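Asker: Residue numbers (numbering that gives the first Met the number 0): 0 to 203.
Each residue gets a CB set at the ideal place from its N, CA and C atoms; glycine is no exception.
Bear in mind that the values here come from a model prediction, so they are computed numbers and not experimental data.
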Amino acid sequence: MASWRFVPLAMLAIYAAVMSGIIVRYRRRYGRSPIRLSGSGGAMDRIREAALILFGVLLVWQAVAAAFGLYIPLGNRLFDPLPALGTIVAFAGALLILSAIATMGASWEIPVSAERDSPAAGLITSGPFRFSRNPIYLGFGITIVGWMLLIPAILSLVIVIGAILNLRYQALEEEEYLIRTYGPKYEAWAREVGRFVPWFGRRA
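#1: Tell me the rounded alpha-carbon separation between Phe128 and Arg167.
#2: Taking 7 Å as the limit between beta carbons, can you name the residues of its chain near Phe216, skipping five residues before and five after?
#3: Helix, strand or coil for Arg76, going by three-state DSSP, please let me know.
#4: Just to check my reading of the structure: Ile22 and Ile34 have Cβ atoms closer than 8 Å, yes? What is that Cβ distance to the nearest angstrom?
#5: Where DSSP assigns a beta bridge to Ala152, which residues make up the other side?
#6: Measuring straight from C-alpha to C-alpha, what distance separates Pro72 and Leu53?
#7: Mind checking which residues open and close the alpha helix (DSSP H) that includes Pro7?
#8: Entirely within the stretch 162-194 and at least 4 residues each: give me those alpha helix (DSSP H) ranges in chain order.
#9: Ile204 bridges to which residues according to DSSP?
#10: What residue range does the alpha helix (DSSP H) around Leu94 cover?
#11: Report all residues from its chain with a CB closer than 8 Å to the CB of Ala66; omit the five preceding and five following residues, and keep chain order.
#12: Less than 8 Å between the beta carbons of Ile96 and Ile135, yes or no?
#13: Work out the CA separation of Glu48 and Thr142 for me, nearest whole Å.
#14: If you reduce the DSSP assignment to three classes, tell me which class Ile46 lands in.
#15: Do the stretch 78-87 and the stretch 137-152 touch if we need at least three Cβ pairs shorter than 8 Å?
#16: Does the beta-carbon of Glu108 have 16 or more other beta-carbons within 10 angstroms, so that it is buried, or is it exposed?
#17: Candidates Gly138, Ala89, Asn165 and Arg31: which alpha carbon is nearest Val196's?
#18: In angstroms with no decimal places, state the Cα-to-Cα distance between Glu172 and Ala189.
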């Protein structure tokens with residue numbers, strides 16, 4: 000069995016360990032968790048939580064199935080696996096995510112919230128935010144594309160499409176909050192910096 004088949008599983012384990020460490024450090028430093036699920040307890044929150052859980056389950060199942068040769072629903076190959084390229088792309092996306100989280104500091108939370116106890120650190124426009132208004136979402140999208148290169152199945156394509164649509168929806172929703180909160184300052188920044196990638200998605 001090719002050793003590269005264990006790469007997705009190892010990648011998930013490393014990612015989970017690193018993010019857990021970041022969350023623990025955040026809690027110790029700021030006295031709160033950056034994860035804010037069930038913010039309003041509404042139907043949309045419950046749908047998002049269910050989708051997030053399903054997303055995690057699908058990734059774990061794909062990684063385990065790829066490693067041990069198990070059956071994967073919608074596992075028909077779209078093309079031959081590209082383990083080296085997939086690892087590089089996923090690693091690049093993860094680095095972008097970590098860079099953006101480090102830049103945000105106390106402002107990092109999932110999702111962006113208007114709750115009173117949210118940290119008032121101001122609008123972040125430094126670091127990777129000089130080139131993208133949503134570098135974490137961009138990094139996540141890049142990472143998922145790398146995942147598909149590692150496991151080029153129909154299910155991976157479904158995951159990529161679903162993730163990209165959700166990231167765009169989340170970004171648009173958060174923009175409304177940022178406009179209400181920062182007004183002209185955000186508008187000026189958005190006219191100069193693309194929503195995800197440089198020059199594209201700038202506000203008119």
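Answerer: In short, the structure shows the following:
#1: The alpha-carbon of Phe128 is positioned some 17 Å away from that of Arg167.
#2: Lying before the first or after the last residue shown, residue 216 is absent from the chain, which here runs from 0 to 203.
#3: Residue state, collapsed to three classes: strand.
#4: With a Cβ gap of about 7 Å, Ile22 and Ile34 count as contacting.
#5: Its beta-bridge partners are Arg76.
#6: Their Cα atoms are separated by approximately 14 Å.
#7: That run of the alpha helix (DSSP H) goes Val6 to Tyr29.
#8: Counting only runs of 4 or more, we get 183-191.
#9: In this structure the chain extends from 0 to 203, so residue 204 is not present and cannot be described.
#10: First-last of the alpha helix (DSSP H) with Leu94: Pro82 to Met103.
#11: Hits under 8 Å: Arg4, Phe5, Pro7 and Leu8.
#12: Contact flag set, yes.
#13: Computed Cα separation, rounded: 20 Å.
#14: It is helical.
#15: With the cut-off at 8 Å, the stretch 78-87 and the stretch 137-152 touch.
#16: Glu108 comes out buried.
#17: Ranked by how close their Cα comes to the Cα of Val196, the residues Gly138, Ala89, Asn165 and Arg31 have Gly138 in first place.
#18: Their backbone Cα atoms lie some 15 Å apart in a straight line.
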